[in-house]
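Right, dumping it as C-alpha cells:
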C-alpha cells in the first residue's frame with residue numbers, strides 16, 4: 824500500500840512505548856501493533872484524533888504517501 | 324480487532340456433524356467394496372440373468388421419457404408416453420456384455436465423488452464447530468460442494484444416455500420404464516451453493532476489512 828504509517832518514528836521522538844500509548848489512547852496493544860507495522864487497512868478518525876492528542880502531533884505526522 | 328461475542332452452538336449442528344461423520348465412514352466402507360469389485364472383476368455370475376421382467380409402478384401418471392425403446396410391435400421409438408404401472412422386459416442389445424470391471428469403476432468413481440462431497444462437508448462442519456464462519460477455507464468448501472452438486476446430474480444424464488445404448492427397454496402397451504431420476508433439484512441446489520460461496524467470499528473480505536480497521 825502506498826500509504827505508510829510513521830507511528831514508530833513519532834513514538835521514538837516522543838520517547839513513548841507501545842504499551843503506554845495503547846493504554847493512553849484506549850486501544851488494545853494488538854491493534855496498535857497492527858497499525859505500527861503497517862498491516863492496518865483503515866484508521867478511524869477517532870483513533871487518529873486520540874493518537875494525535877496523546878502524541879501532540881498532526882495526522883500528517885503519522886501517515887505519509889510513498890510512491 | 325473486533326471483540327466477537329461467542330455464538331452459542333446449535334444442537335442441530337452437533338446432530339448434523341454426527342450424521343455427516345456416519346455417512347463419511349459408510350462411504351469409506353462403500354469405496355473399499357466398490358474398489359474390490361473393480362479390481363477383482365466382481366462375481367462371475369450376475370445376480371439376475373438377463374433378459375428379465377421387471378414390474379414397476381410410477382408415481383407420475385404420464386411422462387415423456389427420452390431414450391431408446393422398442394415397442395411390442397418391434398418398432399423403435401425415442402420417446403414413450405408412460406402410464407402408472409406395467410411390466411417391462413429388459414434384454415441386452417448388441418452392445419451388451421459390458422465388463423464387470425467397468426461397472427466397478429463406475430461405482431468407485433461415484434463413491435469417490437460422494438467421499439469428496441462428504442469431506443468438504445466435514446471440513447465445513449469442523450470450522451463451524453470451532454466458530455470460524457467467514458473464512459476463505461469455508462468459501463472454498465462451499466464452492467466445491469456446489470460444483471459437485473452441479474456435476475452430479477450432468478454425470479447421471481451422461482450415464483443414462485450410455486445405459487440406454489446398452490439395453491433396450493421394450494414397452495408393453497403404453498407401459499415403459501423410467502430409467503433414472505433426473506435430479507434437476509440438485510442442479511438448482513448446486514447453483515445456490517455457488518451463490519452462497521460468493522457471499523462467503525465477500526464476507527471474508529468484509530471481515531478482514533473490519534478486523535484491520537483500527
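Residue numbers (the working numbering), protein chains in the order written: chain A, 824 to 890; chain B, 324 to 537. A virtual CB, placed ideally from N, CA and C, is assigned to each residue, including glycine.
Query                                                                                                                                                                                       : Result
Might you give, ordered along the chain, the residues of its own chain that have their beta carbon closer than 7 Å to the beta carbon of residue 458/B, omitting 5 neighbours on each side? : 450, 527
Taking the alpha helix (DSSP H) that residue 837/A belongs to, which residues open and close that run?                                                                                      : 830 to 837
So which residues on chain A does residue 356/B lean against when the C-beta distance must stay under 9 Å?                                                                                  : Those within 9 Å of residue 356/B in chain A number zero; the least Cβ separation is about 51 Å.
Is the Cβ-Cβ distance between residue 520/B and residue 462/B less than 8 Å?                                                                                                                : yes
Measuring alpha carbon to alpha carbon, tell me which of 535/B, 466/B, 433/B ends up nearest residue 350/B.                                                                                 : 433/B
Look at the alpha carbon of residue 869/A and the alpha carbon of residue 470/B, and state the distance between them as a whole number of angstroms.                                        : 45 Å
What's the call for residue 357/B, buried or exposed, on a 16-neighbour Cβ count within 10 Å?                                                                                               : buried
Does DSSP put residue 863/A in a helix, in a strand, or in coil?                                                                                                                            : coil
Kindly list the residues whose CB is nearer than 7 Å to the CB of residue 443/B, restricted to its own chain and excluding five residues on each side of it in sequence; keep chain order.  : 464, 467, 468
Can you give me the Cβ contacts of residue 841/A inside the same chain, cut-off strictly under 8 Å, excluding the 5 residues immediately before and after it?                               : 834, 852, 855, 856, 859
Can you find a C-beta in chain A that's less than 8 Å from the C-beta of residue 536/B?                                                                                                     : yes
Name the two residues that bound the continuous alpha helix (DSSP H) containing residue 869/A.                                                                                              : 868 to 878
Of the residues that make up the region 505 to 536 of chain B, which ones have a beta carbon closer than 8 Å to any beta carbon in chain A?                                                 : 531, 532, 535, 536
By Cβ distance below 7 Å, which residues in the same chain neighbour residue 339/B in space, the five residues on each side in sequence not counted?                                        : 448
Do residue 445/B and residue 343/B have their C-beta atoms closer together than 8 Å?                                                                                                        : yes
Just grab the DSSP bridge partners of residue 888/A for me.                                                                                                                                 : 826/A
With a CB to CB cut of under 7 Å and the five nearest residues on each side skipped, what residues in its chain are close to residue 354/B?                                                 : 431, 434, 435, 438
Output yes if chain B places a C-beta closer than 8 Å to the C-beta of residue 876/A; else output no.                                                                                       : no
What are the boundary residues of the alpha helix (DSSP H) that residue 535/B is part of?                                                                                                   : Run containing residue 535/B: none; DSSP gives neither H nor E here.
Got a sec: is the Cβ-Cβ distance from residue 866/A to anything in chain B below 8 Å?                                                                                                       : yes
Would you identify the three-state DSSP class for residue 474/B, choosing helix, strand or coil?                                                                                            : helix
Take residue 871/A and list the residues in its own chain whose beta-carbon comes closer than 6 Å to its own, dropping the five residues that flank it on each side.                        : 882
So, does the CB of residue 796/A fall closer than 8 Å to a CB anywhere in chain B?                                                                                                          : Since the first residue shown for chain A is 824 and the last is 890, residue 796/A is missing from the structure and cannot be characterised.
Quick check on residue 849/A: buried or exposed, where buried means 16 or more other Cβ atoms within 10 Å of its Cβ?                                                                        : exposed
For residue 341/B, count neighbouring C-beta atoms within 10 Å of its own C-beta (all shown protein chains included) and say buried if the count is 16 or more, exposed if not.             : exposed
For residue 885/A, which residues of its own chain have a beta-carbon under 8 Å away from its beta-carbon, when the five flanking residues on both sides are left out?                      : 828, 829, 830, 833, 871, 874, 875, 878
Between residue 473/B and residue 441/B, is the Cβ-Cβ spacing less than 8 Å?                                                                                                                : no
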